[in-house]
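K.L.:
Pasting a structure below so you can have a look.
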Amino acid sequence: MTRQAILARAIAGLMSLPGRRAQAAIVHNNDADYTGIRFATKAGWIVLEMPTGDQPYRLVHELPEPDEHGRTEVEMRRFPQIYKPHGIAHITTEFLLARGFLA
Numbered sequence: 291m292t293r294q295a296i297l298a299r300a301i302a303g304l305m306s307l308p309g310r311r312a313q314a315a316i317v318h319n320n321d322a323d324y325t326g327i328r329f330a331t332k333a334g335w336i337v338l339e340m341p342t343g344d345q346p347y348r349l350v351h352e353l354p355e356p357d358e359h360g361r362t363e364v365e366m367r368r369f370p371q372i373y374k375p376h377g378i379a380h381i382t383t384e385f386l387l388a389r390g391f392l393a
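This is the structure:
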């Protein structure tokens, strides 16, 4: 039970229906050192990483295999910590819907 896990659960609970249909799950990745919400989308896994310290929220597309540059993830968006969980849930879902990740 960390601060990030509690925050991730709060945001996941406030997701709208398209976000919930994307099999939103709380993940704790010790190797990459983040806690977040992972969505199963048409283009693969999308992770909303919870902030640590003064860092912003990060929305990251995790690639199944490294690309030609050796990257295993692509950062799509950052959200400052000024938003409450309702706002982060709304912004994340709308971002994924607008870009065709969610149906």
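Just so you know, the sequence shown maps onto residues 291 to 393 in this note's numbering.
Note that beta-carbon positions come from the ideal geometry of N, C-alpha and C, so glycine has one too.
In chain order, what residues of the same chain have a beta carbon less than 6 Å from the beta carbon of R328, not counting five sequence neighbours either side?
P.N.:
Here residue 328 refers to the residue found at position 38 of the sequence shown. These residues qualify, in order along the chain: A315, V317, W335 and V337.
K.L.:
Leaving out five residues on either side along the sequence, give the residues of the same chain with a beta carbon under 7 Å from the beta carbon of E339.
P.N.:
Numbered from its first residue, the sequence shown carries residue 339 at position 49. Within the same chain, E339 has close Cβ partners Y324, G326, Y347, R348 and V350.
K.L.:
Pick out the complete beta strand (DSSP E) segments inside the stretch 317-348, 3 residues or longer, and give them in chain order.
P.N.:
Taking only runs of at least 3 residues, the beta strand (DSSP E) segments lying wholly in the stretch 317-348 are 324-331 and 334-339.
K.L.:
So, is A379 buried or exposed, given that buried needs 16 or more other C-beta atoms within 10 angstroms?
P.N.:
Taking the sequence shown and counting its residues from 1, the one referred to as residue 379 is at position 89. By the neighbour-count rule (16 or more Cβ atoms within 10 Å), A379 is buried.
K.L.:
Using 8 Å for Cβ pairs, my map puts E352 next to T342. What's the rounded Cβ distance?
P.N.:
Position 62 of the sequence shown holds residue 352. Position 52 of the sequence shown holds residue 342. E352 to T342, Cβ: 18 Å. No contact.
K.L.:
Would you mind sorting A333 into buried or exposed? The rule is 16 or more other CB atoms within 10 Å of its CB.
P.N.:
Within the sequence shown, residue 333 is the residue found at index 43, counting from 1. It counts as exposed.
K.L.:
Quick check on M305: buried or exposed, where buried means 16 or more other Cβ atoms within 10 Å of its Cβ?
P.N.:
As a first step, residue 305 is located in the sequence shown; it is residue number 15 there, counting from the start. Buried is the call here.
K.L.:
Which one of P370, Y373 and M366 has the shortest CA to CA distance from A388?
P.N.:
Within the sequence shown, residue 388 is the residue found at index 98, counting from 1. Answer by Cα proximity: M366.
K.L.:
Just mark G309 as buried or exposed, buried being the case when its beta carbon has 16 or more other beta carbons within 10 Å.
P.N.:
One-based indexing of the sequence shown puts residue 309 at position 19. Counting Cβ neighbours within 10 Å, G309 comes out buried, since at least 16 surround it.
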